[in-house]
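Let me begin by presenting the structure, written as structure tokens, before commenting on it.
In my numbering, the protein residues as written are 2 to 293.
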């Protein structure tokens, strides 16, 4: 079997050290902070702590999908060595990047007619996208061809479970995901929304939970309802957070207590691209489970 490259975008929300260890080529997103273009690079240019503090201090942030031109340049670089390429894009349900990557691929295939270039829609975001990339690379090690791996991705991607909760609705209101009235009521009554990524790769509300303590417990209860083999789950678990490590650690410890087969849970920062929309105070939980 001819070897090939698997790549993704920086919205996998791992760390630079981790993607380097995986040998995973990454196309960085660009966001703006007070009008200045910044690279989404796992907190290397601007630490995640400083990024979220800037948001608290009132900085304006904005994101956009990677351009067709950015994908063309990235694909050329990856194909230059003669190997085929499978690029796995962030969910088309929240970003236009998958569509941009597909358009770019049409042009690049004409430039590299003897190489394969496939683009898959992960339907995943944040560290759920990162977890899926690790699963994909594990599967690649089993010797699957590029087409076989693409087909495996298509069959499995809706089983990557994403659960989110927020203890601060400020930026959900600012971004229009929560109404101003709901934001005020939520603040008064300590309402913490629990959300998930659905089968179309969109971030949508699940339920409202009152108080931080209860929502931290509820997200773990939800995992027990959705995970492969329920409380006998032994697969990967990732948690990410937007500058609320203590909440993430509480969720981690609850999982260890309730899922004896889970031996390791990595905690990552929610990166700048997703963080521009969540703001501080969000915790996300990712694992393999039922099809969404």
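For glycine and all other residues, C-beta sits at the position ideal for the given N, C-alpha and C.
Quick check: residue i and residue j, are their CB atoms within less than 8 Å of each other?
{"i": "residue 87", "j": "residue 30", "result": "no"}
{"i": "residue 288", "j": "residue 220", "result": "no"}
{"i": "residue 281", "j": "residue 53", "result": "yes"}
{"i": "residue 122", "j": "residue 92", "result": "yes"}
{"i": "residue 42", "j": "residue 11", "result": "yes"}
{"i": "residue 203", "j": "residue 95", "result": "yes"}
{"i": "residue 7", "j": "residue 25", "result": "yes"}
{"i": "residue 296", "j": "residue 71", "result": "Given that the chain is displayed from residue 2 to residue 293, the structure contains no residue 296 and the question cannot be resolved."}
{"i": "residue 228", "j": "residue 284", "result": "no"}
In or out: residue i buried (at least 16 other Cβ within 10 Å) or exposed?
{"i": "residue 214", "result": "exposed"}
{"i": "residue 278", "result": "buried"}
{"i": "residue 194", "result": "buried"}
{"i": "residue 3", "result": "exposed"}
{"i": "residue 21", "result": "exposed"}
{"i": "residue 263", "result": "buried"}
{"i": "residue 185", "result": "Per-residue confidence for residue 185 stands at a pLDDT of 42, beneath the threshold of 50, marking its modelled position as unreliable; the derived number appears in the next sentence. Result: exposed."}
{"i": "residue 190", "result": "The pLDDT assigned to residue 190 is 47, lower than 50, so where the model puts this residue is not dependable; a value taken from the coordinates is nonetheless given after this. With fewer than 16 Cβ atoms within 10 Å of its Cβ, residue 190 is classed as exposed."}
{"i": "residue 162", "result": "buried"}
{"i": "residue 205", "result": "exposed"}
{"i": "residue 169", "result": "buried"}
{"i": "residue 182", "result": "Only weak support is given to the placement of residue 182: the predicted model assigns it a pLDDT of 38, under 50, and the value that follows is read from those uncertain coordinates. Answer is exposed; the Cβ neighbour count stays below 16."}
With DSSP as the reference, identify every bridge partner of residue i, one or two as the case may be.
{"i": "residue 263", "result": "Bridge partners of residue 263: none, in fact."}
{"i": "residue 91", "result": "Answer is none; residue 91 lacks a bridge partner."}
{"i": "residue 215", "result": "Answer is none; residue 215 lacks a bridge partner."}
{"i": "residue 232", "result": "Bridge partners of residue 232: none, in fact."}
{"i": "residue 284", "result": "166, 242"}
{"i": "residue 208", "result": "195"}
{"i": "residue 270", "result": "242"}
{"i": "residue 118", "result": "86"}
{"i": "residue 161", "result": "289"}
Using the three-state DSSP reduction, which class does residue i fall into: helix, strand or coil?
{"i": "residue 101", "result": "helix"}
{"i": "residue 254", "result": "helix"}
{"i": "residue 48", "result": "coil"}
{"i": "residue 201", "result": "coil"}
{"i": "residue 276", "result": "helix"}
{"i": "residue 11", "result": "helix"}
{"i": "residue 128", "result": "helix"}
{"i": "residue 225", "result": "helix"}
{"i": "residue 58", "result": "coil"}
{"i": "residue 85", "result": "strand"}
{"i": "residue 290", "result": "strand"}
{"i": "residue 41", "result": "coil"}
{"i": "residue 30", "result": "coil"}
{"i": "residue 138", "result": "helix"}
{"i": "residue 22", "result": "helix"}
{"i": "residue 64", "result": "strand"}
Decide if the stretch 145-158 is in contact with the stretch 122-134; the criterion is three or more beta carbon pairs, one per stretch, under 8 Å apart.
Here the stretch 145-158 lies against the stretch 122-134, with 3 or more beta-carbon pairs under 8 Å apart.
Closer than 8 Å is the cut-off here; do at least three beta carbon pairs connect the stretch 250-257 with the stretch 270-277?
No, the stretch 250-257 does not touch the stretch 270-277.
Does the pairing of the stretch 241-248 with the stretch 43-61 give three or more beta-carbon distances under 8 Å?
Three or more pairs of CB atoms, one per stretch, sit closer than 8 Å, so the stretch 241-248 contacts the stretch 43-61.
Would the stretch 104-115 count as touching the stretch 136-145 if we require 3 or more Cβ pairs under 8 Å?
Verdict: no, contact absent.
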